[in-house]
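Q: Residue numbers (the numbering used here), protein chains in the order written: chain E, 1 to 226; chain C, 1001 to 1093. Every residue, glycine too, gets a C-beta built ideally from N, C-alpha and C. Quick caveat, the model's predicted, so the values are computed rather than measured.
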Amino acid sequence: MQKRLNITTRNLQFYGKSNMEKISKATVLIAGVGGLGCIVSEILVRLGVKKLVIVDKGIIDEPDLGRQALYTVKDIGKRKVDVAKEVLMSMSGLTEIEATFTPISNLDKGKVHSCDCVVDCLDNFISRFELEEKLKDTQPLIHGGIQNDYGQITTILKGKTPTLKEIYANIKETDVIPVSTPTVFTVASLMAQEVVNNILSTPQLIGNLLIVELNDFTFTKIKLKG
Amino acid sequence: MVKVKFFTLLRLDLGIREIDINIDGEKRLIEVLKDAEKKTPKPFLHKLIDEKGELLNSAIILVNGKNVHHLAKLDTIIKDGDEIDIFPPGGGG
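(1) Name the residue from E/V112, E/K160, E/C38, E/E96 whose alpha carbon lies nearest to the alpha carbon of E/M191.
(2) Counting only C-beta atoms, is E/T154 closer than 7 Å to chain C at any point?
(3) Exposed or buried, what is E/T95 when buried is set at 16 or more other beta-carbons lying within 10 Å of its beta-carbon?
(4) What in chain C is Cβ-close to E/N197, meaning under 7 Å?
(5) Out of C/K1003, C/G1090, C/G1092, C/P1088, which has the shortest C-alpha to C-alpha gap to C/D1035?
(6) Using a C-beta to C-beta distance shorter than 8 Å, which residues of chain C count as neighbours of E/L224?
(7) With 16 other CB atoms within 10 Å as the buried threshold, where does E/K223 fall?
(8) Does DSSP put C/F1006 in a helix, a strand or coil?
(9) In angstroms with no decimal places, state the Cα-to-Cα distance between E/G110 and E/K25.
(10) Counting only beta-carbon separations shorter than 7 Å, does E/F219 have a partner in chain C?
(11) Alpha carbon to alpha carbon, how far is E/T138 from E/C117? Give it in angstroms, no decimals.
(12) Would you mind reading off the limits of the beta strand (DSSP E) that contains C/K1027?
(13) In the DSSP assignment, find the alpha helix (DSSP H) that holds E/H113 and state where it starts and stops.
(14) In chain order, what residues of the stretch 112–142 of chain E put their CB closer than 7 Å to some CB of chain C?
(15) Check each residue of the stretch 145–172 of chain E: if its Cβ is closer than 9 Å to any Cβ of chain C, include it; give the result in chain order.
(16) Is it true that the CB of C/D1082 sits closer than 7 Å to the CB of C/I1005?
(17) What residues in its chain sit with their C-beta under 6 Å from that of E/D149, if we drop five residues either side in the sequence?
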């Protein structure tokens, strides 16, 4: 406990003991440890969450290093989840990290249900819809997506809010999606904030789509209807 | 008054964030979008609709927060006070 307090002192000053205890008891599933997932994971580990379940089927490749903050040149060719686990463990030693090397389609439903929050850091809509199918009712799913210098975030509560499949009906997949690194880090940070909001029972994006346009720093919330 | 809002790629291309359209009674979405196109600095409908008049899958169109694919698509009825949001979402992670 003393060690945890040393690491999270500044956050403790802000959040207070009661909220930090809630954070320290939270288990969060990170679907995808690419650009968004690396940053969301790092923030949650530095905040002292109890456990992260990180899920990805990817291998680290050169273009990943331009925006995926947990990886370096020496990691090229390795599994993302393995390197991410090692790096995240080294940050504080307080958060348990469970690494699962699998596509979302093979992800065990029970594993999803065991988490307090699920974070969609995936890079395609098909996998997002597969992940959403595995949620239990009212389990928070924090969704984020990015392209170029913009992105969007919302919190899905299955059975309460419109689903991703409804919001993105008929949207096409893009093969290689251009993104700017500042956008990755910004949108991921905002997603981490909404994860914390959910852990503290004060979610801000349930039924709201936040659109972030970094080129002129515009943030817009659109109220969604089912 | 109906508000038509453009986001991200569309907003950058058109150079405007939103326009207001006056409508008398009710109109179909396609008619409102055509009215909107008369007011934008350059055409945008070709980015949303193909030559056959079908919706393309590059952007989502929300009417009062609901994707028009779950309404009547381009035949969705628009009335005074409605908001239309046109947004090409980011698919990357």
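A: Let's see:
(1) E/C38
(2) It does not; no Cβ of chain C falls within 7 Å.
(3) Looking at its Cβ environment, which holds 16 or more other Cβ atoms inside 10 Å, E/T95 is buried.
(4) Neighbours of E/N197 on chain C: none; closest Cβ ~20 Å, over 7 Å.
(5) C/K1003
(6) Among the residues of chain C, those whose CB is under 8 Å from the CB of E/L224 are L1062, G1065, K1066, following chain order.
(7) exposed
(8) Looking at C/F1006 - three-state DSSP - the assignment turns out to be strand.
(9) 19 Å
(10) No - not a single Cβ of chain C is within 7 Å of the one on E/F219.
(11) 10 Å
(12) 1026–1028
(13) Its alpha helix (DSSP H) spans residues 109–113.
(14) So the close ones are C121, L122, D123, N124, F125.
(15) G145, I146, Q147, N148, D149, Y150, G151, Q152, P162, E166, I167, Y168, A169, N170, I171, K172
(16) Residue identity differs from the one stated: residue 1005 of chain C is Lys in this sequence, not Ile. Contact: no.
(17) S180, T183, L214, N215
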